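S.K.: Before we start, here is the structure in question, set down as structure tokens.
Number of protein chains: 2
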Amino acid sequence: MDDALLDAEPASAGNIAARSDTATDPTTPVAPPPPAATAKAWETVLAHIEAQLAAGILSPGDRLPGERALATGLGVGRSSVREALRVLEVLGLIRTQTGSGPSSGAIIVARPSGGMSILMRLQVAAQGFAVADVVKTRLVLETAVARELAETRAHTAAARELLDAMGRGTLTDTEFLLLDAQFHLSLAEATGNDVLTATMAGLRSAIEAYVIDASAHVPDWPRTMRRLQQEHRDILAAIDAGRPGEAAERVAAHISGYYAETRITDAGHHHTSPTTSDRPPEMAPHSTLASHPALAHPTTT
Amino acid sequence: MDDALLDAEPASAGNIAARSDTATDPTTPVAPPPPAATAKAWETVLAHIEAQLAAGILSPGDRLPGERALATGLGVGRSSVREALRVLEVLGLIRTQTGSGPSSGAIIVARPSGGMSILMRLQVAAQGFAVADVVKTRLVLETAVARELAETRAHTAAARELLDAMGRGTLTDTEFLLLDAQFHLSLAEATGNDVLTATMAGLRSAIEAYVIDASAHVPDWPRTMRRLQQEHRDILAAIDAGRPGEAAERVAAHISGYYAETRITDAGHHHTSPTTSDRPPEMAPHSTLASHPALAHPTTT
DNA sequence: CTGATGATGTGGTCAGACCACATAAGTGTA
DNA sequence: TACACTTATGTGGTCTGACCACATCATCAG
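Take a look at the structure:
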């Protein structure tokens with residue numbers, strides 16, 4: 001059955017980004033430059049795998065053929081295969097592992113949160129996304145999440161546990177904000193909507209550095225922390241009580257309140273208010289969070 | 001000034017995923033295996049570029065050092081550099097071009113829509129995203145878009161032009177749906193929120209194949225097309241008249257109505273209603289759209 | 001039956017070599 | 001001098017071959 005995974009050009013044709021060069025088949029008369037320029041080798045590989053995913057030939061849990069087999073099967077070099085696999089890995093579609101045995105090689109996983117996070121994080125870093133827009137979008141989504149949870153009386157056990165964890169002991173700002181992120185994410189997860197959950201995870205990840213950095217500038221952090229914690233309790237109470245309108249309002253106030261207090265949305269984009277300071281425009285916070293490797297595939301989802 | 005772009009370990013330390021091996025600097029005492037296993041070479045490259053983006057050293061329009069320079073500068077092989085650059089390219093952060101001169105090489109662009117699209121499209125293909133969840137999320141976002149546009153009386157000229165284009169002449173289903181997608185996207189763009197716009201583009205792209213496929217099963221397509229077109233006009237009218245509630249309601253009805261009619265949301269995920277047919281579970285539509293290369297970076301944004 | 005030991009196959013990485021391409025510099029004319 | 005042509009030069013794109021570390025599995029001695 002592995003043969004199907006390597007069929008580059010099935011007789012039925014229609015495969016995207018087929019490579020006519022380097023192919024040993026003399027029947028196809030090269031086809032001058034049909035639509036656009038010739039597809040790049042790594043795009044061929046990516047298209048091939050995407051087609052097999054879309055056709056259901058590959059499903060989560062399945063193993064991809066080895067890099068060498070894919071290369072020879074598609075008529076490309078192994079390095080091109082690797083570039084495509086690297087993309088798939090970062091997007092959260094496959095997981096690679098060295099060694100031998102059933103769990104080695106590239107395996108389909110379909111974990112979108114990691115890819116969403118790195119995408120949004122990098123776009124914010126590269127000034128493609130304004131922090132203010134990230135916050136606004138999060139506001140829209142999380143308000144809808146709270147409303148839906150209240151309407152459906154969804155299970156919020158995970159959120160409550162995180163709420164309790166935030167209440168126990170004295171936490172540093174970073175520790176609290178970590179739990180805070182998990183709390184908000186657990187609300188999204190409670191909807192059962194994976195798209196929503198992954199998007200929320202990405203949005204949060206994109207501005208995480210800014211949030212943490214801003215907490216240092218809050219005058220009375222313990223007081224702010226207590227207020228946020230109380231707001232969390234109120235939100236959860238409104239959800240559990242089945243009051244959609246109140247839940248949505250409280251979420252909106254919670255989010256916009258914090259960002260207004262910390263003025264996070266003032267930083268980090270092209271059209272930024274220039275009145276804040278005279279440093280080189282839009283310096284990013286820290287820029288080096290030790291716990292922030294290039295790929296922080298969150299294990300949350 | 002290119003020197004800064006190659007500084008792998010600035011004296012201030014703190015760089016993520018620093019590679020102590022192959023480095024010719026004997027000052028750093030190797031640091032056994034600090035947190036986890038050694039970072040992969042391509043992660044080193046990615047982290048290095050991300051750090052420079054976050055620090056503002058790299059901005060849109062800037063050129064990255066050449067692949068060979070980057071490789072020697074970071075002490076990795078060129079293939080590892082390429083894997084990192086490939087990821088950045090797919091995520092819409094850089095654009096590469098062969099040849100010489102100022103427009104060649106890798107250039108920071110920060111175009112998020114393409115990356116968002118391929119991410120969501122692949123996740124749907126790999127069954128990480130349920131089509132129903134994509135539609136639900138789109139419903140939430142686009143409802144908010146319509147409400148905001150009506151509240152702010154935003155400019156909707158682009159949307160109106162597309163509306164007119166959809167009205168002219170007789171269009172095939174595919175042509176109409178293409179304009180339909182652009183119409184909805186233009187609404188998102190009108191908000192000026194790039195995050196929202198990119199997300200909407202990704203969501204649409206993820207289910208585009210399903211939408212087109214489903215249109216073939218609509219019994220009376222010209223009638224459906226006229227109805228959709230009328231709904232478009234009503235939505236735009238509500239927005240231009242500044243009636244947020246009505247605009248939001250009409251958008252919600254428009255979207256959920258179409259997907260209910262075509263039953264698109266019945267297909268394409270793990271927990272799918274098994275009663276529909278007895279084909280191999282969840283066959284994707286077509287799976288090969290000739291106009292659908294692996295990377296369809298939309299030029300819309 | 002058990003434990004050590006090698007064979008096998010995986011991804012991860014690097015070095016080197018080409019190619020196609022686009023610009024820039026040089027060269028030759030008119 | 002001005003213009004056309006030719007030749008470097010440097011870019012990404014690709015392939016090949018070679019290692020390495022690692023994890024499993026088959027083998028074999030005890």
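Chains as they are written, first to last, in UniProt numbering: chain A, 1 to 301; chain B, 1 to 301. Virtual Cβ for every residue (Gly too), placed ideally from N, Cα, C. Quantities reported herein were computed from a predicted structural model and do not represent experimental measurements.
1) Please give me, in chain order, every unbroken run of the alpha helix (DSSP H) with length at least 4 that falls completely inside the stretch 40 to 128 of chain B.
2) In its own chain, which residues sit with a C-beta less than 8 Å from the C-beta of Ala71 (chain B), not counting the 5 before and 5 after it?
3) Excluding five sequence neighbours on each side, which residues of the same chain lie with their C-beta closer than 6 Å to the C-beta of Leu46 (chain B)?
4) Whose CA, out of A:Leu149, A:Arg63, A:Gln229, lies closest to the CA of Ser100 (chain A)?
5) With a 10 Å radius around its C-beta and 16 neighbouring C-beta atoms as the bar for buried, classify Asp220 (chain A) as buried or exposed.
6) Between Gly202 (chain B) and the rest of its own chain, which residues show a CB-CB distance below 6 Å, the 5 nearest in sequence each way excluded?
7) Please report whether the beta-carbon of Val30 (chain B) lies at a distance below 8 Å from any beta-carbon of chain A.
8) Using a Cβ-Cβ cut-off of 8 Å, state whether Pro222 (chain B) counts as contacting chain A.
9) Residues of the stretch 106 to 128 of chain B in Cβ contact with chain A at a cutoff of 9 Å, in chain order, please.
10) Using only the alpha-carbon positions, how far apart do Ile212 (chain A) and Gln182 (chain A) sit?
11) Considering only the alpha carbon of each residue, which of B:Ala126, B:Thr224, B:Trp42, B:Glu89 lies closest to Leu177 (chain B)?
12) Pairs of beta-carbons, one from the stretch 246 to 265 of chain A and one from the stretch 154 to 161 of chain A, closer than 8 Å: are there three or more?
13) Just by C-beta distance, which residues in the stretch 134 to 156 of chain A are closer than 7 Å to chain B?
14) Just the Cα atoms here: how many angstroms apart are Gly242 (chain B) and Ala150 (chain B)?
15) For the alpha helix (DSSP H) that contains Val131 (chain B), what are its first and last residues?
16) Glu83 (chain A) versus chain B: which residues are under 8 Å apart at the beta carbon?
17) Report the three-state DSSP secondary structure of Leu236 (chain B) (helix, strand or coil).
18) Touch check for the stretch 192 to 202 of chain B and the stretch 139 to 148 of chain B: three-plus C-beta pairs under 8 Å?
19) Closest to Thr44 (chain B) by CA distance: which of B:Gly73, B:Ala55, B:Ser59, B:Ile57 is it?
20) Among A:Arg138, A:Pro222, A:Arg111, A:Ala260, which has the Cα closest to the Cα of Gln127 (chain B)?
21) Would you decide whether Thr170 (chain B) is buried or exposed? Buried here means 16 or more other CB atoms lie within 10 Å of its CB.
22) For the alpha helix (DSSP H) containing Gly245 (chain A), list its first residue and its last residue.
23) Gln229 (chain A): which of A:Ser205, A:Asp173, A:Ile207, A:Thr265 sits nearest, CA to CA?
24) With respect to the alpha helix (DSSP H) encompassing Leu178 (chain A), which residues constitute its N-terminal and C-terminal limits?
25) Measure the Cβ-Cβ separation of Gly92 (chain A) and Ser59 (chain A) and say whether it is below 8 Å.
26) Anything in the stretch 161 to 191 of chain B with a Cβ closer than 8 Å to a Cβ of chain A? List those residues in chain order, please.
27) How is the alpha helix (DSSP H) around Asp220 (chain A) delimited, first residue to last?
28) Determine the extent of the alpha helix (DSSP H) in which Ala241 (chain B) is found, giving its start and end residues.
29) If the cut is a Cβ gap below 9 Å, which residues of chain A does Pro60 (chain B) touch?
30) Is the shortest distance between the beta-carbon of Val195 (chain A) and the beta-carbons of chain B less than 8 Å?
31) I need the boundaries of the alpha helix (DSSP H) containing Arg160 (chain B), first residue and last residue.
32) Taking Ile207 (chain A) and Val90 (chain A) to be in contact with their CB atoms under 8 Å, please state how far apart those CB atoms are, rounded to whole angstroms.
33) Under the rule that 16 or more other beta-carbon atoms within 10 Å means buried, what is Thr98 (chain B), buried or exposed?
34) Taking 8 Å as the threshold (C-beta atoms), are Thr265 (chain B) and Tyr259 (chain B) in contact?
35) Using C-beta distances below 7 Å, list every residue in its chain close to Thr24 (chain A), excluding the 5 sequence neighbours before and after it, in chain order.
36) Quick check: what's the CA-CA separation for Pro102 (chain B) versus Thr96 (chain B)?
M.R.: Taking the structure as given:
1) 41 to 54, 67 to 74, 78 to 90, 112 to 125
2) Gly77, Arg78, Ser80, Val81
3) Ala84
4) A:Arg63
5) exposed
6) Met116, Ser117, Met120
7) With a pLDDT of 35 at Val30 (chain B), under the threshold of 50, the modelled position of this residue cannot be trusted, and the question is left open.
8) no
9) Ile108, Val109, Ala110, Arg111, Pro112, Gly115, Met116, Ile118, Leu119, Met120, Arg121, Leu122, Gln123, Val124, Ala125, Ala126, Gln127, Gly128
10) 14 Å
11) B:Thr224
12) no
13) Val134, Lys136, Thr137, Val140, Leu141, Ala144
14) 4 Å
15) 131 to 152
16) Arg82, Glu83, Arg86
17) helix
18) yes
19) B:Gly73
20) A:Arg111
21) exposed
22) 244 to 262
23) A:Asp173
24) 173 to 190
25) no
26) none
27) From DSSP, Asp220 (chain A) is part of no alpha helix (DSSP H); its letter is neither H nor E.
28) Note, Ala241 (chain B): premise wrong, no alpha helix (DSSP H); not H, not E.
29) Ala126, Gln127, Gly128, His270
30) yes
31) 157 to 167
32) That belief does not hold up - the Cβ atoms of Ile207 (chain A) and Val90 (chain A) are roughly 20 Å apart, past 8 Å.
33) exposed
34) yes
35) In this prediction, Thr24 (chain A) has a pLDDT of 37, which is less than 50 and means its spatial position is unreliable; what the coordinates show is noted afterwards. So no residue of the chain qualifies.
36) 12 Å
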